[in-house]
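Peer 1: If you use the working numbering, the sequence shown corresponds to residues 2 to 369, in order.
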Amino acid sequence: MMRAPILAALVLAACGDAASPGFSTGPGITGAGASTSGSSTGADSTSTGPADDSAGSSGSSSTGIVRDVGAETDFGPVQPPGCKGKVDLLFVISRVGTMVTEQEQLLASFPGFIKTIEQKLEGFDVHIMTANPDAYWPGWTCENQACIGEKYWPHCGPNALDYQCGVFPEMTTACDEQLGAGLIFNAGGYAANKLCDLYGGHRYIISGEPDMPGAFECIAKVGASGLHKNLMGDAVIAALSSASNGLNGPGGCNEGFLREDALLVIALITDNSDDSKSYAKQQYEAIVTAKKDPSAVVLLAVVPQPHKEGEPEIPGCTYDWEGLSAYHDLGSKFPYTVYGDTCAPSYAPFFDAAADKIGEACGSFIPQ
């Protein structure tokens, strides 16, 4: 499913037009254990968060102040603590051959996205990780194709001039080929082609990183030399696996990434179908198991969107795509979901809308 590159990465805008066709806020259909959300009436509509007077919270106002019902025990601080600025951002980015433009758009939009979130959340404290989407290290594509001949030696061709044949494989670890593990050594065509030196020494970015845009480019420029399959949902499950014996546990590749008192933001970016063995229901259950509450999660998905009647089709873009249903099946289960369009000329409006949704969700987040 090849597509022609759309507009190259634009100069970053921290804010975008909320009415832009480049994003839509997905339907907030209630899932198991999820709070009821507002409805969506079109591509530019905005779903709301959990209802102010949801089940189990009768007697409280939207301000979080308990109304007096005549008992002394009714008084006291009841304002939800919120995420207190703590946000764990998990990116799962496809690295099949058609993903070059989407990665450029993402990298161009990221600094404004982070700046906007920081402005909305007092005490901003972030973890940012990109998860391995296919249980593969793309450097092997170079080693098995470009590095074995003389034409491109000692690099991996015109789109990977920084790749060092025969050297990079010796620098890898088991985590570099682990599904769901944080990526710090993206290799191959259009990739960062360097080992990321992240502040704190983790496989994810933490607050205090002196070069946030540079660090994010290193972990998010995943390239286009991955396997010809997407395991997007499976990668989410693996990335969030148990703190006791999974990737987040002691000695695990993602140790310390997932925090109980942080809002979890999952961003899926792909123009291809999800080849995961798991289904949306299983993915939803794994995410809720990790966070205990679907309202503690914001799901972002930049995926192909249906073609709008009357609008010109962009050559190479995918429309009315049957593979889209898997991402909507997952997104519909969470009260906070925002969709972006892979064919949009800029992702800045999408990420601006996403920042608003994160601020909204953080304000009502109650750590379990």
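For each residue, glycine too, the CB sits at the ideal point set by N, CA and C. It should be emphasised that the depicted structure is a prediction, and the values quoted were computed from it without experimental measurement.
#1: Look at the Cβ atom of THR131, then the Cβ atom of LEU199, and state whether they are nearer than 8 Å.
#2: Using DSSP's beta-bridge definition, name the partner residues of VAL266.
#3: Taking the beta carbon of GLN120 as the centre, do at least 16 other beta carbons fall within 10 Å, making it buried, or is it exposed?
#4: Who pairs with THR131 in a beta bridge, going by DSSP?
#5: What does the alpha-carbon distance come out to for the pair VAL237 and SER110?
#6: Give the DSSP bridge partners of THR338, in chain order.
#7: Quick check on DSSP: helix, strand or coil for ILE185?
#8: Please look up how many angstroms separate the CB atoms of VAL303 and PHE351, rounded, as I've assumed it's under 8 Å.
#9: Distance check for SER95 and PHE186, CA to CA, integer angstroms please.
#10: To which residues of the same chain is GLN284 closer than 7 Å at the C-beta, ignoring the five residues directly before and after it?
#11: Enumerate in chain order the residues of its own chain whose CB-to-CB distance from THR42 is below 6 Å, with the five nearest sequence positions on each side excluded.
#12: Counting C-beta neighbours from all protein chains within 10 Å, is the total for ASN273 16 or more, i.e. buried, or is it exposed?
#13: With distances taken between CB atoms, is the gap from SER208 to PHE114 smaller than 8 Å?
#14: Given a cut-off of 8 Å on the beta-carbon distance, is the pair GLN104 and LYS222 in contact?
#15: Can you tell me whether ASP177 is buried or exposed, with buried defined as 16 or more other CB within 10 angstroms of its CB?
Peer 2: Here's the rundown:
#1: Here residue 131 refers to the residue found at position 130 of the sequence shown. Here residue 199 refers to the residue found at position 198 of the sequence shown. Taking 8 Å as the Cβ cut-off, THR131 and LEU199 do not qualify as a contacting pair.
#2: Here residue 266 is taken as the residue at index 265 of the sequence shown, counted from 1. DSSP output for VAL266 lists LEU90 and VAL299 as bridge partner(s).
#3: On the sequence shown, residue 120 is found 119 positions in, with the first residue counted as 1. So GLN120 counts as exposed.
#4: Indexing the sequence shown from 1 puts residue 131 at position 130. Note: THR131 sits in a beta bridge opposite PHE92.
#5: Taking the sequence shown and counting its residues from 1, one reaches residue 237 at position 236. Taking the sequence shown and counting its residues from 1, one reaches residue 110 at position 109. Rounded to the nearest angstrom, the two C-alpha atoms are 22 Å apart.
#6: Against the sequence shown, residue 338 aligns to sequence position 337. THR338 is bridged to LEU300.
#7: Walking along the sequence shown from the start, residue 185 turns up at place 184. Coil.
#8: In the sequence shown, residue 303 corresponds to position 302, counting from 1. In the sequence shown, residue 351 corresponds to position 350, counting from 1. VAL303 to PHE351, Cβ: 7 Å. Contact.
#9: Reading the sequence shown from its first residue, position 185 is the one you call residue 186. Reading the sequence shown from its first residue, position 94 is the one you call residue 95. Going from the Cα of PHE186 to the Cα of SER95 covers about 15 Å.
#10: As a working note, residue 284 is residue 283 in the sequence shown. GLY234, VAL237, ILE238 and LEU331, listed in sequence order.
#11: Taking the first residue of the sequence shown as 1, we reach residue 42 at position 41. With a pLDDT of 31 at THR42, under the threshold of 50, the predicted position of this residue should be treated as unreliable, though the coordinate-derived value follows. If we look at THR42 and ignore the five residues flanking it on each side, it has no Cβ neighbours.
#12: Numbered from its first residue, the sequence shown carries residue 273 at position 272. Burial call: buried.
#13: Taking the sequence shown and counting its residues from 1, one reaches residue 208 at position 207. Taking the sequence shown and counting its residues from 1, one reaches residue 114 at position 113. No.
#14: Residue numbering aside, residue 104 sits at position 103 when the sequence shown is read from its first letter. Residue numbering aside, residue 222 sits at position 221 when the sequence shown is read from its first letter. Cβ atoms of GLN104 and LYS222: closer than 8 Å.
#15: Within the sequence shown, numbered from 1, the residue matching residue 177 stands at position 176. Buried.
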